[in-house]
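Structure, as structure tokens:
Protein chains: 2
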Amino acid sequence: MTSVFIVDDHQLIIEGIVSFLQKEKHIKVAGYATSASACIDYFKTNTADVILMDINLPDMSGIDLCKLIKSNYPGIAVIALSTINQGSYITQMIEYGASGYLLKNADKEEILEAIATAQNGKPYFSFEAGKIFKATSEKRTGLPVLSKREKEILKLIAEGFTNIEISRQLFISIDTVDSHRKNLYTKLHVKNTALLIRYAIEHTLL
Amino acid sequence: MTSVFIVDDHQLIIEGIVSFLQKEKHIKVAGYATSASACIDYFKTNTADVILMDINLPDMSGIDLCKLIKSNYPGIAVIALSTINQGSYITQMIEYGASGYLLKNADKEEILEAIATAQNGKPYFSFEAGKIFKATSEKRTGLPVLSKREKEILKLIAEGFTNIEISRQLFISIDTVDSHRKNLYTKLHVKNTALLIRYAIEHTLL
DNA sequence: ATTTTAATCACGTAAAGGGGTGATTTTTGG
DNA sequence: CCAAAAATCACCCCTTTACGTGATTAAAAT
Chain L
1149 MTSVFIVDDH QLIIEGIVSF LQKEKHIKVA GYATSASACI DYFKTNTADV
1199 ILMDINLPDM SGIDLCKLIK SNYPGIAVIA LSTINQGSYI TQMIEYGASG
1249 YLLKNADKEE ILEAIATAQN GKPYFSFEAG KIFKATSEKR TGLPVLSKRE
1299 KEILKLIAEG FTNIEISRQL FISIDTVDSH RKNLYTKLHV KNTALLIRYA
1349 IEHTLL
Chain C
1149 MTSVFIVDDH QLIIEGIVSF LQKEKHIKVA GYATSASACI DYFKTNTADV
1199 ILMDINLPDM SGIDLCKLIK SNYPGIAVIA LSTINQGSYI TQMIEYGASG
1249 YLLKNADKEE ILEAIATAQN GKPYFSFEAG KIFKATSEKR TGLPVLSKRE
1299 KEILKLIAEG FTNIEISRQL FISIDTVDSH RKNLYTKLHV KNTALLIRYA
1349 IEHTLL
């Protein structure tokens, strides 16, 4: 008997997962949450064997939630759920101990297999996710992990602020903003603002 | 008795919608499809009152599918389903006759209301979608129609080329490129490259 | 036939971005 | 605790963008 907890901000997805997991006699739906905070609250007083976790949550990124869960409850297997256009997150989830990665267009057998595999302590990747994983890990010889500050500055650049304006907003020197900007260019392999914004939007870093 | 057909490439979403629509006695699930082509095939020999249609389909955009359905079967109400970050598609769907727009994190009552409203021939918008719709339609009082040349230059800017590089590629003066760039800024109400690229991507001008 | 729009080029100034390099201080992680 | 990563600031030089203003020509629309 495996107990499964679901975190997803889309009620329809939850409804769908619950609906068919209920048909499986060896699986029990422990509960669900539509936000990271609700999920955290749940695990303060309860537990589960496996968490099916959406990467896009309203209050926290799935990556951070995964990190938090795995550090507090290392025994719980986390399986990431994602839509197709978020390939770049896969590697990060794995780094933080996710036990699997499913795309939301996965069929029922795939989900059951992922849960079963996770229970055995092995990672599971959907066929599609595997392709993406391979593609992105091949591409990135210098892995693009942005620091908190870099993300912050990236967002402000994307909002149209100049380096000076950003420096004033964050109470730091223009040179510092410029340094972060340059580091962003280096990390993301771009050479100017246009490509930076494109990269950021296309990889949903905003 | 309203018959509802569902088109979505995510099996989980379909499962979720079916699961709870079955509980409603005045609604009948006519069927579902995970691709645009399967949907088109279905309506060659069958029909339905309402289609719940995802905007992201593997073989065709929801916008095109909506257009096609409405031109062949104007009596069928199409309700668009979307994730949160696709605001710019809303207006296009409406132009092609969609009867409503729901975000996928809509709750059950909202979906039922959308179906009921669509049956009465009126459009329904989820609260969130309404906000987005309002925001985008307000912005375009002077609708931004870009000339062929402007689009061409916009694309090159988005590919990271500088004005000089663009001028060489198109065999025109740097000043001309600069003029076009200025016109783009004016037309799209932005003030620098970052916002230009963002606007272009978010409104699918690339 | 005349106005509008698109596309072209020009000049000038000020502000911002792009590239390199180096150094200090926190913060974080093992 | 120690090493690594993140965040901070600095200086130089040069390129590019941003903004204004104005002008010519050709094509399209009225």
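Chains as they are written, first to last, in the working numbering: chain L, 1149 to 1354; chain C, 1149 to 1354.
Ideal Cβ positions, reconstructed from N, Cα and C, are used throughout, including at glycine.
Suppose contacts are defined by Cβ-Cβ distances below 9 Å. Is residue i in contact with residue j by that definition?
i	j	result
Ile1154 of chain L	Ala1186 of chain L	no
Glu1163 of chain L	Ser1230 of chain C	no
Leu1353 of chain L	Leu1294 of chain L	yes
Met1208 of chain L	Ala1184 of chain L	yes
Met1201 of chain C	Leu1216 of chain C	no
Gly1248 of chain L	Pro1271 of chain L	yes
Gly1308 of chain C	Lys1335 of chain L	no
Lys1171 of chain C	Val1152 of chain C	no
Ala1306 of chain C	Ala1266 of chain C	no
Gly1269 of chain C	Met1241 of chain C	no
Measure how close the beta-carbons of residue i and residue j come, nearest whole angstrom, since I'm counting them as under 8 Å.
i	j	result
Ala1228 of chain C	Ile1203 of chain C	6 Å
Ile1358 of chain C	Ile1322 of chain L	Residue 1358 of chain C lies beyond the range of chain C shown here (1149 to 1354); nothing can be said about it.
Checklist entry - What are the uninterrupted segments assigned as alpha helix (DSSP H) that are 4 or more residues long and contained completely in the segment 1298-1326 of chain L, given in chain order? => result Complete alpha helix (DSSP H) runs here, min 4: 1311-1318.
Next on the checklist: Across the segment 1291-1307 of chain C and the segment 1320-1340 of chain C, are there enough close Cβ pairs to call them in contact, namely three or more that are closer than 8 Å?
Outcome noted: Taking a cut-off of 8 Å for Cβ pairs, the segment 1291-1307 of chain C and the segment 1320-1340 of chain C touch, as three or more such pairs fall below it.
Checklist entry - Quick one: any contact between the segment 1190-1205 of chain C and the segment 1193-1207 of chain L, if contact means 3 or more CB pairs under 8 Å? => result Using a C-beta cut-off of 8 Å, the segment 1190-1205 of chain C makes no contact with the segment 1193-1207 of chain L, since fewer than three inter-stretch Cβ pairs fall below that distance.
Next on the checklist: Count Cβ pairs between the segment 1305-1314 of chain C and the segment 1315-1326 of chain L that sit closer than 8 Å; are there 3 or more?
Outcome noted: They do not touch, by the three-pair rule.
Checklist entry - For the segment 1253-1266 of chain C against the segment 1152-1166 of chain L, are there 3 or more C-beta pairs whose distance is under 8 Å? => result Segment contact: the segment 1253-1266 of chain C against the segment 1152-1166 of chain L, three or more CB-CB distances shorter than 8 Å; contact assigned.
Next on the checklist: For a minimum of 4 consecutive residues, which ranges assigned as the alpha helix (DSSP H) are wholly contained in the segment 1153-1183 of chain C?
Outcome noted: If only uninterrupted alpha helix (DSSP H) runs of at least 4 residues are considered, those enclosed by the segment 1153-1183 of chain C are 1159-1169.
Item to check | Residues within the segment 1157-1180 of chain C neighbouring chain L, beta-carbon criterion of under 9 Å | outcome: Hits within the stretch, in order: Asp1157, His1158, Gln1159, Leu1160, Ile1161, Ile1162, Glu1163, Gly1164, Ile1165, Val1166, Ser1167 and Phe1168.
Checklist entry - Just by C-beta distance, which residues in the segment 1253-1267 of chain C are closer than 9 Å to chain L? => result For the segment 1253-1267 of chain C, residues whose beta-carbon sits nearer than 9 Å to a beta-carbon of chain L comprise Asn1253, Ala1254, Asp1255, Lys1256 and Ile1259.
Item to check | Residues of the segment 1297-1308 of chain L whose Cβ lies closer than 7 Å to any Cβ of chain C, in chain order | outcome: Residues are counted here when their Cβ sits less than 7 Å from a Cβ of chain C; for the segment 1297-1308 of chain L these are Ile1305, Ala1306 and Gly1308, given in chain order.
Next on the checklist: Does the segment 1301-1309 of chain C come into contact with the segment 1340-1348 of chain C, if we say contact requires no fewer than three beta-carbon pairs (one atom in each stretch) closer than 8 Å?
Outcome noted: Proximity of the segment 1301-1309 of chain C to the segment 1340-1348 of chain C meets the contact definition, three or more beta-carbon pairs being nearer than 8 Å.
Item to check | Residues in the segment 1325-1352 of chain C having any Cβ partner in chain L nearer than 8 Å | outcome: Those residues of the segment 1325-1352 of chain C that come within reach of chain L (Cβ to Cβ, closer than 8 Å) are Val1338, Lys1339, Asn1340, Thr1341, Ala1342, Leu1343, Leu1344, Ile1345, Arg1346, Ile1349 and Glu1350.
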